[in-house]
Amino acid sequence: MSDSIDRKASPIIRFEQVNKSFGHLHVLRDLDLEVAPGEKVCLIGPSGSGKTTILRVLMTLEKPNSGVVWVDGETLWHKEVKGRLVHADEKHLRRMRNKIGMVFQQFNLFPHMKVLRNVTEAPIHVLGMDRAAAEERALQLLDMVGLSDKVDNYPAQLSGGQQQRVAIARALAMQPKVMLFDEITAALDPELVGEVLNVLRKLAHETDMTMLIVTHEMRFAREVADRVLFFEQGQIVEAATPDVLFTNPTNPRTRLFLRAVLPQDKSDG
Amino acid sequence: MTVDWKFAWSILPELLSGLLVTLKASLVGFAIAAVLGLVFALARRSRSKWVSAPVGGLVEFVRSTPLLVQLFFFFYVLPQYGLRFPAFLVGTFALGLHYSTYTSEVYRAGIDAIAKEQWEASTALNFSMTRTWVGVILPQAIPPMLPALGNYLIGMFKESAQLAAITVVELLQTGKIIGSHTFRYLEPITLVGILFFALSYLSALALRQLEVRIERQHR
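So, in structure tokens, the structure goes:
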């Protein structure tokens with residue numbers, strides 16, 4: 149994991165003094181953040197702390213009020229015209245979106261399409277792949293998430309865990325450089341969480357995709373993350389490797405949060 | 055006055071050819087209403103006020119004036135400005151335009167019913183706006199709209215009788231012409247009513263079947 153990350157390389161994601169408010173609610177405050185290519189970053193913190201908003205800004209679902217976001221060496225929400233940054237147009241946003249994929253808490257599959265078409269639709273219509281190639285790749289991905297036997301089902305015929313695995317395959321089919329996972333197990337019944345985390349674990353260990361994972365699964369974060377960010381009130385309170393952050397956090401607010409969410413038995417590794 | 059069954063039987067073929075005109079007018083009118091209604095609904099959602107506001111105004115205006123007035127306007131007023139079209143064409147277009155203001159509301163409600171997460175998933179997969187509409191939003195929005203659209207089709211079928219007022223020889227006008235030639239109105243006008251009833255009722259039954267099927271699919 150960690151050894152594959154080249155921290156000297158220019159970051160694939162960079163937030164510079166990014167602010168985002170919803171009405172009076174200031175969800176991102178002067179946020180600075182850098183993520184190295186291939187890095188697996190877990191974002192933890194109380195609900196409403198702005199973790200999800202970071203992902204939504206990256207997916208171009210929320211426009212920041214100020215600041216600059218860089219993805220893969222280019223500004224995401226701006227484009228350069230004669231050396232000055234101006235607001236990006238749809239054309240620029242569409243080009244940038246090809247670098248980024250996202251999996252949502254509520255799966256958001258297309259209910260009127262069978263599983264296979266959910267996965268092939270974007271490669272065919274956005275990347276211009278021919279149907280046979282797109283289907284071949286979709287079948288590989290569905291096999292990887294353990295759903296080869298469900299290709300002809302509609303999403304409504306699947307369990308939540310299966311739907312989420314289809315959603316992961318659907319996002320992977322676009323071959324993004326950066327994948328965003330927004331509390332992808334939070335809407336699942338407890339017994340289905342494991343199958344989704346297993347897929348995520350496999351991705352984290354076997355691919356060099358950059359992954360940003362918002363999660364409440366602390367044990368999972370500890371296991372897969374190169375770096376864990378503790379988020380509170382729109383700011384990064386503490387950023388460290390999982391070993392440091394979970395066993396020896398320096399910030400008292402981190403300690404308070406971890407004490408609330410982790411099992412009391414500290415010896416439990 | 056008693057019913058002359060033989061007379062009634064003898065005028066039936068003529069009435070049926072009038073019914074054919076009525077059916078043509080309602081079906082072509084409905085096709086116009088279905089397409090134009092969607093165009094209006096999409097235009098009203100436009101981010102540009104220069105598009106959404108005028109279209110919104112037009113829709114409200116057309117919806118709030120009687121169809122008969124619109125028919126007279128297109129048929130009697132426009133020719134004074136050199137715009138002269140056959141009565142059937144004018145009537146069918148006016149009918150379609152009038153009902154497009156209702157169907158546009160059906161589309162609007164149906165489109166609004168699609169969860170915003172479907173739009174977000176489309177953005178995340180980098181679909182173009184067109185692809186999002188054609189591939190994701192409309193295929194989900196339209197099936198639940200079909201019963202409401204079907205009701206408007208039946209409504210248009212009945213309202214198309216107003217085309218008689220601009221000399222379109224549809225079902226009602228046919229009955230009226232027969233009456234004025236034979237001085238018997240009982241049979242032709244009653245038959246006109248029965249034919250309207252029979253088709254409306256059968257369509258309503260078919261529509262209910264469709265509704266049940268759609269409901270079963272969207273359980």
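Chains as they are written, first to last, in this note's numbering: chain A, 149 to 417; chain B, 55 to 273. Note that the Cβ used here is the ideal one computed from N, Cα and C, for glycine as well.
It is roughly 12 Å from the alpha-carbon of threonine 244 of chain B to the alpha-carbon of isoleucine 232 of chain B.
In the DSSP assignment, glutamine 134 of chain B falls outside any alpha helix (DSSP H), carrying neither H nor E. Pairing proline 197 of chain B with alanine 387 of chain A, the inter-Cα distance amounts to about 49 Å. Residues are counted here when their Cβ sits less than 8 Å from a Cβ of chain A; for the region 187–211 of chain B these are Gly189, Val190, Pro193 and Gln194, given in chain order. Residues Thr333, Glu365 and Phe368 of the same chain have their beta carbon placed closer than 7 Å to that of leucine 345 of chain A, with the five preceding and five following residues left out of the count.
With at least 16 other beta carbons inside 10 angstroms of its own, lysine 298 of chain A counts as buried. Contact check for arginine 401 of chain A against glutamate 380 of chain A passes: the beta carbons are separated by less than 8 Å. Judged by beta-carbon spacing, isoleucine 161 of chain A lies within the 8 Å limit of valine 219 of chain A, meaning their Cβ atoms are closer than that value. Here DSSP, grouped into helix, strand and coil, assigns glycine 215 of chain A to strand. Annotation note: the region 295–349 of chain A contains the following uninterrupted beta strand (DSSP E) runs of length 3 or greater, listed N- to C-terminal: 326–330. Straight-line measurement puts the Cα of threonine 186 of chain B at about 56 Å from the Cα of tyrosine 239 of chain B.
Residue environment: glutamine 227 of chain B is assigned as buried (16 or more neighbouring CB atoms within 10 Å of its CB, all protein chains considered).
Here the alpha carbon of valine 82 of chain B sits roughly 35 Å from the alpha carbon of aspartate 58 of chain B. In this structure, the straight-line span from the alpha carbon of proline 140 of chain B to that of lysine 239 of chain A is close to 46 Å.
Contact between the region 177–191 of chain B and the region 114–128 of chain B is not established, with fewer than three Cβ pairs separated by less than 8 Å. The beta-carbon separation of lysine 247 of chain A and proline 324 of chain A, rounded to 6 Å, stays under the 8 Å limit for a contact. By the neighbour-count criterion, in which 16 or more other beta carbons inside 10 Å mark a residue as buried, asparagine 266 of chain A falls on the buried side. Assignment of beta-bridge partners to phenylalanine 163 of chain A by DSSP yields A:Leu181 and A:Val217.
In the DSSP secondary-structure assignment, leucine 173 of chain A is bridged to A:Phe170. The DSSP-derived three-state label of glutamine 288 of chain A is helix. Counting C-beta pairs with one atom in each stretch, the region 258–271 of chain B and the region 209–224 of chain B have fewer than three that are closer than 8 Å, which means they do not touch.
The DSSP-derived three-state label of glycine 249 of chain A is strand. For the region 259–281 of chain A, the beta-carbon criterion of a distance under 8 Å to any beta-carbon of chain B is satisfied by Pro259, His260, Glu269, Ala270, His273 and Val274. Put simply, the backbone Cα of leucine 209 of chain A is about 11 Å away from that of leucine 241 of chain A.
Using a Cβ distance threshold of 8 Å, glycine 136 of chain B and leucine 217 of chain B do not count as a contacting pair. For the region 218–240 of chain B, the set of residues with a beta-carbon nearer than 8 Å to any beta-carbon of chain A is empty. Counted as a single uninterrupted DSSP element, the stretch harbouring leucine 377 of chain A is not any alpha helix (DSSP H) but the beta strand (DSSP E) occupying residues 375–380.
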